[in-house]
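Notes follow once the structure below has been shown.
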Amino acid sequence: MGQVNDNKIKYTNYCIATFAKQYKMSLLEAFNYLDRYGGLTFLDECYEAEHLLSIEDAIHDLVVICKNNGGELK
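The opening position of the sequence shown corresponds to residue 1 in the numbering used here, with each subsequent residue numbered one higher.
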């Protein structure tokens, strides 16, 4: 596996864990939510730009993407 792919996986895992903590979800719930509403696809496709932002900005972007795709957070 290439270094970029390894870094992308680590970054995605970090985003999922941070999202889960912020929204008081389990890791599985956060993963499923992000998968269902396009957040994981967004992280994959926009990794080159997103990983340069703060984690707070990345989580905000995930929330916007998921809400635009029908996701609602409590």
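Just so it is clear, CB atoms sit at the ideal spot from N, CA and C, and this is done for glycine as well.
Drop a sphere of 10 angstroms on the beta-carbon of residue i, count the other beta-carbons inside from all chains shown, and report buried for 16 or more, exposed for fewer.
i: L62; result: buried
i: I65; result: buried
i: G39; result: buried
i: Y33; result: buried
i: Y14; result: exposed
Out of the options, which one is the CA nearest neighbour of residue i?
i: Y11; options: I65, A49, V64, C66; result: A49
i: A58; options: A17, N5, Q3, D6; result: A17
i: E45; options: G2, L27, I9; result: I9
i: F42; options: K24, L28, N69; result: N69
Taking the runs of the beta strand (DSSP E) that are 3 residues or longer, which of them lie wholly in the segment 30-62?
-> Whole beta strand (DSSP E) segments, 3+ residues: zero.
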